[in-house]
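Contents: one structure, followed by commentary.
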Amino acid sequence: MTTSTNSLVLEIVRTLEKEGVPRDTYQLGREIDPEALARLLESADSAIEVRLEVQGVSLAVTNSGVWVTDDPPSSPPECPRCGRDVTAVIQLVPTHRTAYPCGCPVEGESLE
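Going by our numbering, the sequence shown opens with residue 434, and the numbers climb by one from there.
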């Protein structure tokens, strides 16, 4: 991990600890991809804010820091094809989107 990734991970962990979430109750690498998040923040041309949830705590992450938001934890959307919870939509080309982890194709803005 790079220095910026390490700093970001440490800041997220400290923020979660302040909210009473013990370190041994989650694996941050399974919740988010810290290296991808750090690269996204570093490469943004303008101010970018990434919202994420870890153990039911809603966080906002920017180049300026990490803080808890007042947003209530959300339930993941369901795949319109199989009904499983969708944690991400992967788009490799503009015309093809895939729900993760089920792998079903997603058309248009059906999960937005």
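Every residue gets a Cβ at the ideal spot worked out from N, C-alpha and C, and that includes glycine.
Where residue i falls: helix, strand or coil (DSSP)
{"i": "R517", "result": "coil"}
{"i": "E511", "result": "strand"}
{"i": "T528", "result": "coil"}
{"i": "P534", "result": "coil"}
{"i": "T495", "result": "strand"}
Nearest-angstrom Cβ-Cβ length linking residue i and residue j, presumed shorter than 8 Å
{"i": "I445", "j": "L492", "result": "7 Å"}
{"i": "V487", "j": "Y459", "result": "6 Å"}
{"i": "L485", "j": "I465", "result": "6 Å"}
{"i": "T531", "j": "V539", "result": "6 Å"}
Neighbourhood of residue i by C-beta, 7 Å cutoff - its chain only, sequence neighbours within 5 removed
{"i": "E475", "result": "S437"}
Same chain, Cβ closer than 8 Å to residue i, five either side skipped, listed in chain order
{"i": "I481", "result": "L473, L474, T495 and N496"}
{"i": "L461", "result": "V442, I445, V446, P467 and V487"}
Alpha-carbon spacing of residue i relative to residue j, whole angstroms
{"i": "T448", "j": "D504", "result": "16 Å"}
{"i": "P513", "j": "G453", "result": "35 Å"}
Same chain, Cβ closer than 6 Å to residue i, neighbours up to 5 away in sequence not counted
{"i": "A471", "result": "S437, T438 and L441"}
{"i": "V483", "result": "V494"}
Discussion item. For a minimum of 4 consecutive residues, which ranges assigned as the alpha helix (DSSP H) are wholly contained in the region 437 to 491?
Written reply: 461 to 464 and 467 to 476
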